[in-house]
Structures are given as structure tokens and as C-alpha cells.
Amino acid sequence: MAPAILLGTTGGPGGATGAPGAPGAPGAPVVATGAADAPVGTAHAGLVDRFGRRAIDLRVSLTERCNLRCTYCMPAAGLPFAPDDALMTAAEIERLVRLGTSRFGVRKVRFTGGEPMLRHDLVDVIARCAALPDAPELSLTTNAIGLAHRARALSDAGLRRVNVSLDTVDPDVFTTVTRRPFLDKVIAGLTAAHDAGLDIKVNAVLLRGVNDGAAPELLRWCLERGYELRFIEQMPLDPDHTWDRTSMVTAAETRALLSSSFVLTPDDAPRDGAPAERYRVQDARTGEALGTVGIIASITESFCADCTRTRLTADGHVRSCLFSDDETDVLGPMRAGASDDEVAEAWRRAMWAKPRDHGDDSDELVHPARGMSAIGG
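In the working numbering, the protein residues as written are 1063 to 1439.
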């Protein structure tokens, strides 16, 4: 018997509101089974959840491996990683990205890890996805080690932006945070990315008593080079589960740290589901306009109601929320012969079950069993 198609409103507790027909707006359609707990049917519904959000931004992890051992991400001795044959191949990634763009209206794809530069076939992955009929905007999160030698090839393949993780420009502090003396390699990668015409964002995590005092210095360094810096609150995504709310440098503290050297004014450009709250930056002494900075306050100023992301782990599991332990395996069924329709339906059902939010910075906040390197940023 064919499932019933129910049309109703996508609103709900915590759901967004907007113009009629928009995701989360009153009157926007929900396509659901008669059993009322999962959507079925046309691609028009997209990757919509019970609270009216529609996922159009796909994060794809390419590997769990990394060549740094950042203190907030991975133990000094590393972690046991999934074997290579358990990870998605370039062809499997291409297939899932194609389903995301052609069936669900995904417009942006960011490749993450681990460290995606460790994939020997990274350029092939980028080229395959850039050649799709509904090619999305492609970006890459990386620590930039090795980027100096591959930036031009990645740009030629269709990559448009890199988000480079860099918490400090002090060599000694960099070695303390990452447990590796590779700051010069990161800076070389940034330079090569710029020369290759790639847009550049820099992601930084402030650690209390380690690099927080140098936040203004890092911002000025980025502004002088035309890089958009984004400070990210430290999240409970460490595999050791040692994250402590009291040691986290909050967004409010970050703004206060920057105010010693800069004047920050909220940017009036639409946020459009982006995780960063952007600010225009002026020199506090001269008043000169210098650029912009972003602050991602995932814990203290969460933006769950406007989330537009869906995620694929390197071993081919859909995650609807970075902080949720709920996962749906799509790689296993693909390898067992599942059709595009069947894979798409599993993906759609996984996103329909997306939680309203991840809790706040109290005891409600979920500490996922997988760490960031296994989930993908």
C-alpha cells in the first residue's frame, strides 16, 4: 500500500518562521508517512526535519586520520582509526554528493576530517563533485599541512575555499597546542592557497591560559593578509571526554578580549544559516575599517533553530547533528546494492529525526561517543 502524503505546517517547538512556503514557515508542506514519523516521497521536500529546517549544507568527512594531535581534539598517542576499506571511496562520495544536490537541493559541500589532505585521491574527489550537473560550492577544512604542494591542483579541480585551522601564530604555542612543530608548514599552505585564488577562512579555538591572551594579535595577523578569522568556542567533542565548561573561553569573553584593540559592530548582512556571527572590525585607536571577524558560539549562544547542515562520516553514516549520537548507515546498504531511491529515503528519514537542539551548556548537553576527528567538523 502506498504511503499517505500529508500536507501540513512544518512549524513546531523551536522551529523557525519566515515567508509562506519557506522552510519552517507557516503553511510550508511536510511530506510524511501515514504513520507520522518520517517523510517519504518527492525530492521537493528536501532534507527537512520536524521543526521546519531544511539541510542544504553538506559536510563530508574524508578520513579519521590527522597529522596533528591538538590537545582539544585527540590524545597525544592518537586514536584507533577505521581501516581504509571501511571508508567511502571517491566514487561513493561522488554518488552521495550527487544525491544530495540533485534530490535534496544541497548547495554547499565542505570536505572535512580528520585531515582531508591525507587522502591521496583528494583532487579526484574534488574534481568528481565539481563535474556534477548540479555542482555545489566546494570547500575544504584543513590544517594546511601539505596544502602548499596541492593548492593549485585543488583550485583547478574546482575547490573554491579552504577553512584552515590555526589557533596561534606563535611557534612555541602552536607546538604546545598541536604537539607538532609545523607552524611554518601551515603558513606556507595559507600562502599557496592565496596564490591559487582560493578564498580563505581561518578557524581558531581559544584555550584559557594558553592562547586566549593573543586573540587580538591573531585577528590582526589575519586581517593584514585578507583572511577571515572565525573564533570557535571549544566543544565537547574530545574523545577523552575531558571537556569542562568552566575552562571554555566563551563568545562573550572573546568579544571582550578583542575589544582591547578593536571595535566590533554586528554585521547586518543576512546570516543565512551560517554558524558564525559576523562583526565588522575597526581599529580601536584610529577608527580604520579593517575587515570582518566571525564568532561561532555553539555552546553559549547556540543557533540550532537555524541549522541547515547534514553530515556524512568518513565511514558513510548520516549524522543529523554534530552533537547527537544518532547515525544512519548509508554506505553499507550502498555496497549491498541499494538503489538511489533507497539510499535517499534512508538519508531523508535520518534528517527527519534531527533533534530540536543539542541542549545548552548545562547537563543537557550531549557529549558524543565519537570525537571530532571521527565525526568530521
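Note that CB positions come from ideal geometry on N, CA and C, so glycine has one too.
| Query | Result |
| --- | --- |
| D1119 versus L1141, E1279, M1136 and A1197, residue with shortest Cα-Cα distance | A1197 |
| Among T1133, V1159, Y1134 and F1166, nearest to M1413 - alpha-carbon criterion | F1166 |
| For S1322, the three-state DSSP class (helix, strand or coil) | coil |
| G1251 - containing alpha helix (DSSP H), residue span | L1245 to D1257 |
| Coil, strand or helix - A1376 by DSSP | coil |
| Cβ shell of D1329 (< 7 Å), same chain only, five flanking positions each side left out | R1340, Y1341, R1342 and T1354 |
| Pairwise C-alpha distance: D1274 and R1410 | 41 Å |
| Closest Cα partner of T1050 within the set L1109, E1177, L1200 and A1336 | The requested residue 1050 does not occur in the structure, where the chain is confined to residues 1063 to 1439. |
| Cβ-based neighbour list, D1186, same chain, cut-off 7 Å, excluding 5 preceding and 5 following | A1152 |
| Distance, N1265 Cα to V1226 Cα | 6 Å |
| Residue ranges of each alpha helix (DSSP H) within the stretch 1331-1403, 4 or longer | 1393-1397 |
| Cβ shell of A1148 (< 7 Å), same chain only, five flanking positions each side left out | D1377 |
| Rounded separation between T1327 and A1398 - CA only | 53 Å |
| Within 8 Å, strictly: CB atoms of V1239 and V1272 | yes |
| 3 or more residues per run - each beta strand (DSSP E) lying fully within the stretch 1184-1223 | 1199-1204 |
| Min CB distance I1207 to chain C below 8 Å | Among the chains in the structure shown there is no chain C, since it carries only a single protein chain. |
| Touch test, the stretch 1229-1243 against the stretch 1130-1145, Cβ-Cβ under 8 Å, three pairs minimum | yes |
| Simplified DSSP assignment, three categories, for E1126 | coil |
| Assigned exposure category for G1349 - 16 Cβ within 10 Å defines buried | exposed |
| Per DSSP, cross-strand counterpart(s) of E1290 | K1263 |
| Nearest-angstrom Cα separation, counted from D1419 out to A1084 | Model confidence at A1084 stands at a pLDDT of 35, short of 50, so the residue's coordinates are unreliable and nothing is read from them. |
| Rounded straight-line distance, which links the Cα of C1369 to that of R1333 | 11 Å |
| Where D1119 sits in the DSSP three-state scheme | strand |
| For D1232 and A1276, believed in contact at Cβ under 8 Å, the rounded distance | 7 Å |
| Secondary structure of T1327, DSSP reduced to three states | strand |
| Alpha-carbon to alpha-carbon, D1257 and R1112 | 44 Å |
| Alpha-carbon spacing of F1385 relative to P1145, whole angstroms | 24 Å |
| Between the CA atoms of V1224 and T1204 - distance to the nearest angstrom | 7 Å |
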